[in-house]
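Number of protein chains: 2
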Amino acid sequence: MSSSAEENYIKAIFTIAERTGKGASTTAIAAQLSTKASSVTDMVKRLNEKGLVDHRPYHGVTLTDQGTRIATQIIRKHRLWETFLVNHLHYKWDEVHELAEQLEHIDSDDLHDRLDKFMDHPKFDPHGDPIPDKEGRIVDMAGAVPLAEVPKDTLVHIVGVKDSSPAFLKLLDGLGLKLGTQLTVNRRFEFGNSVEVSSRFRSGLLLQEEVSLQLIVKPL
Amino acid sequence: MSSSAEENYIKAIFTIAERTGKGASTTAIAAQLSTKASSVTDMVKRLNEKGLVDHRPYHGVTLTDQGTRIATQIIRKHRLWETFLVNHLHYKWDEVHELAEQLEHIDSDDLHDRLDKFMDHPKFDPHGDPIPDKEGRIVDMAGAVPLAEVPKDTLVHIVGVKDSSPAFLKLLDGLGLKLGTQLTVNRRFEFGNSVEVSSRFRSGLLLQEEVSLQLIVKPL
DNA sequence: CTAATTGTTTAGGCTCGCCTAATTATGGAT
DNA sequence: ATCCATAATTAGGCGAGCCTAAACAATTAG
C-alpha cells in the first residue's frame, strides 16, 4: 500500500513529533530526510490525500490515526530487525541502523510476527528502545531518566541511549559502557554540568552533559 | 548500484537462459516479468549501457560476465532467505518465494555472508536448488535426473523440484513427497509416460509425466 | 522468393519522487 | 501595525519504469 518513500516520510514525521512534541514542519522533514522542502510539500500533499497526515501550513504536519499506525509498524519492523542483526548475526549495536532501514520496508506482517516469535518477543532493541507489539502498543519506560538528572550516590543501570548514532555508540564502547552496565553517580560538577560515575570496571569516569543527557538510566 | 527493477530483469534473463540454453528474447523476458515487450526494450537498453547485457535483436539478450555475477548474487540471496524462512521461521516450502523476492534485493554482501554463516553454509535451499557461494560458485548436482528418466527398480531419493510453484509443492505435500523421500520405480507405463513408485509410507503411487519430469531425484 | 506471422522497436504519454528557481505567505520582532 | 526573515508553495523540468498504439524487421512457411 505504501511505498518505501512514503514510509520514510511517515517515520520522519513520527520521530520529529516525538522529539519536539509538535507537528513536523516542512523544513524539519526535509532536514530529517536530506531532501528539499519542495519535495516535502509534494509528498505531504500525497500523504494527505491518502488520509495519512493532516497539515496546517506553518503549524506542522501531524499523522492521522492511520498514519500513526503505519509509523509504529515501521518502527516495530526496524527494531525487530536491529535486534535480530545484533543478537543472531552478531553485528555491533552501532552497525545495524542502515541495514534495518532497508529491512523495515519488507512488506509482510506475518514475517515480522514470526521474526518476533523466533526471538521470543523481545521488548527492547539493542539501543534500549522499546519494540511496539503487533497491535502497536509500546511498553512505557517508567522510571527511566537521562543520567544527567540522577542525584548523587544513586545506583542505576543503563537502559537506553537517546542518540543512536554510530559515533556516540562507539564512544560508549570505548568507555566500557553498554546496556545493563551499573553506575553510581559519585560527584556532580557545576562546570559543563558534568557528572563523575563509577562502574564495576572503571571508576572516576567524568561525563560531560553532552553524554549524560543521551544516556538513559533507571535506578536500581 | 542496481535498482530492484534492474535486478529483476537480470535475474529473469539468467533464468531464461538457464531454462532454454539460449539468449532471452524480448518477449520471453516480458512474459517472465509480467510486463510489456516495449518496457523490456527500454530496460535492455539501459542494462546494455551499463555493460550488464549484450543484445542481438531476434537472437536474444545475454548477460555479460558482470551481469552474470550480479545474477548469481541475487540468486544466492534469494535462496539464503528461503532457507532461513523455512528452517528458522518455520515457513512451508511453498510459502517463501514471494518473501524471498523482496528480501533478495537487500543491499549488503556482509549481511548475506553472515546469514550464510548463521545457517552453517547451507548448500541447498528448501526446494533442493543449490545456493551459490559468495564467489558465485554453484555446486553441480551430478547424478541428479528427473524421476521420469529413472529405470525400473531403481532406488532413488528426491533431491529437488524443477517447478517450485506453490501449486506443485502443495501437490507433493499431499502425496507425502518431500526432499529426501526415498522412492523406487516399480513400473513404467506407456500411457501418459507415467511411472508407479513406492515410498516407505505409500506404495503404488502413480505419477504422470507432468509430475515426474519436475521431480529431481538421485540414485542411492 | 515472397508473404504472412511473429518479434521488436519507436513514439508519445503516464506516475512517482526528486530537483532548482521563483514566488508568496506568515509569525514574530520592532 | 508594519516589516522582515523565514517557511512554504508553485512552476517547470528530469529520470526511472511502466504503458498503448503504431511502425517496422526478420524468420519461416508456402
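Chains as they are written, first to last, in my numbering: chain C, 1 to 220; chain U, 1001 to 1220.
C-beta atoms are modelled at their ideal positions from N, C-alpha and C, and glycine is treated no differently.
Buried or exposed: residue i, going by 16 or more other Cβ atoms within 10 Å of its Cβ?
i               : result
residue 1027(U) : exposed
residue 1201(U) : exposed
residue 1052(U) : buried
residue 1044(U) : buried
residue 8(C)    : buried
residue 1125(U) : buried
residue 59(C)   : exposed
residue 219(C)  : exposed
residue 1038(U) : exposed
residue 1076(U) : buried
residue 155(C)  : exposed
residue 1094(U) : buried
residue 173(C)  : exposed
residue 1120(U) : exposed
residue 212(C)  : buried
residue 143(C)  : exposed
residue 164(C)  : buried
residue 1079(U) : buried
residue 217(C)  : buried
residue 192(C)  : exposed
Suppose you measure from the CA of residue i to the CA of residue j; what does that come to, to the nearest Å?
i               : j               : result
residue 1105(U) : residue 103(C)  : 10 Å
residue 1071(U) : residue 1014(U) : 6 Å
residue 1150(U) : residue 1181(U) : 15 Å
residue 25(C)   : residue 1025(U) : 50 Å
residue 31(C)   : residue 1141(U) : 53 Å
residue 158(C)  : residue 116(C)  : 24 Å
residue 1066(U) : residue 1214(U) : 31 Å
residue 109(C)  : residue 83(C)   : 17 Å
residue 1187(U) : residue 1152(U) : 6 Å
residue 161(C)  : residue 133(C)  : 20 Å
residue 57(C)   : residue 185(C)  : 45 Å
residue 101(C)  : residue 81(C)   : 9 Å
residue 1040(U) : residue 1068(U) : 18 Å
residue 34(C)   : residue 1049(U) : 29 Å
residue 169(C)  : residue 90(C)   : 16 Å
residue 22(C)   : residue 1175(U) : 60 Å
residue 19(C)   : residue 29(C)   : 12 Å
residue 2(C)    : residue 1166(U) : 26 Å
Would you mind telling me which residues of chain C sit closer than 9 Å to residue i, beta carbon to beta carbon, in chain order?
i               : result
residue 1108(U) : 98, 99, 102
Using a cut-off of 8 Å between C-beta atoms, extract the partners of residue i located in chain C.
i               : result
residue 1088(U) : 118
residue 1111(U) : 85, 89, 99
Helix, strand or coil for residue i per DSSP?
i               : result
residue 1136(U) : coil
residue 1114(U) : helix
residue 88(C)   : coil
residue 1072(U) : helix
residue 1130(U) : strand
residue 1151(U) : coil
residue 206(C)  : strand
residue 1124(U) : strand
residue 82(C)   : helix
residue 212(C)  : helix
residue 190(C)  : coil
residue 1107(U) : coil
residue 1164(U) : coil
residue 119(C)  : coil
residue 96(C)   : coil
residue 1015(U) : helix
residue 1172(U) : helix
residue 1177(U) : coil
residue 33(C)   : coil
residue 1002(U) : coil
residue 77(C)   : helix
residue 45(C)   : helix
Quick one: what's residue i bridged to in DSSP?
i               : result
residue 24(C)   : 61(C)
residue 1055(U) : 1061(U)
residue 1198(U) : 1184(U)
residue 1158(U) : 1217(U)
residue 1145(U) : 1217(U)
Whose Cβ in chain C lies nearer than 7 Å to the Cβ of residue i?
i               : result
residue 1076(U) : Result: empty, since nearest Cβ-Cβ is about 16 Å, beyond 7 Å.
By the criterion of Cβ-Cβ separation under 7 Å, what are the contact partners of residue i in chain U?
i             : result
residue 56(C) : Under the 7 Å cutoff, chain U gives no residues; its nearest Cβ is about 36 Å from residue 56(C).
Quick one: which chain U residues come within Cβ less than 8 Å of residue i?
i              : result
residue 115(C) : 1089
At a cut-off of 8 Å, is residue i close to the ligand GTP when judged by its beta-carbon and the heavy atoms of the ligand?
i             : result
residue 71(C) : Among the ligands in the structure shown, none appear at all, so the ligand GTP cannot be discussed.
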